[in-house]
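So the mapping is simple: this note's numbering equals the position in the sequence shown, first residue as 1, plus 58. Glycine included, each C-beta is placed from N, C-alpha and C at the ideal position. Note that the coordinates shown come from a computational prediction; the quantities given were computed from them, not determined experimentally.
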Amino acid sequence: KQILKWIQDPKKAVETAVQLNDKYSIDGNSPNGYLGVMWCICGSMDYGFAERPIIGKIRPMNAFKAPKYVAKWANKKI
């Protein structure tokens, strides 16, 4: 979702997201991977949210609480 804020052009944002998804994701170059990109950038299969600058009616990204996450998992063995 941040790619659209960084690039500010939906077509280029989708192209960039597809390239990154195909290179780094397990489901890259698959229908599921493309649908994930379209859901994040275009809001496919989602309902509209309140209009916002740049992202329009696409679902906004929730804040990630990194300190809380690190505190939870820092002393756990994997």
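Classification of I99 by the beta-carbon crowding that lies within 10 angstroms, buried from 16 upward: The residue is buried, with at least 16 neighbouring Cβ atoms inside 10 Å.
Report all residues from its chain with a CB closer than 7 Å to the CB of G86; omit the five preceding and five following residues, and keep chain order. Answer for G86: N79 and D80, listed in chain order.
Helix, strand or coil for G106, going by three-state DSSP, please let me know. In this structure, DSSP gives G106 a state outside helix and strand, which the three-state scheme calls coil.
How many whole angstroms separate the CB atoms of I84 and A75, which I take to be in contact at a CB cut-off of 8 Å? For I84 against A75, the beta-carbon gap comes to about 15 Å, at or over 8 Å, which does not count as contact.
Bounding residues of the alpha helix (DSSP H) (the contiguous stretch that carries K69): Here the alpha helix (DSSP H) through K69 covers P68 to Y82.
Any heavy atom of the ligand COA closer than 7 Å to the beta-carbon of Y127? Only the bare structure without any ligand can be found here, which leaves the ligand COA out of the picture.
If you draw a straight line from the alpha carbon of A71 to that of G94, how long is it in whole angstroms? Cα to Cα, A71 sits roughly 13 Å from G94.
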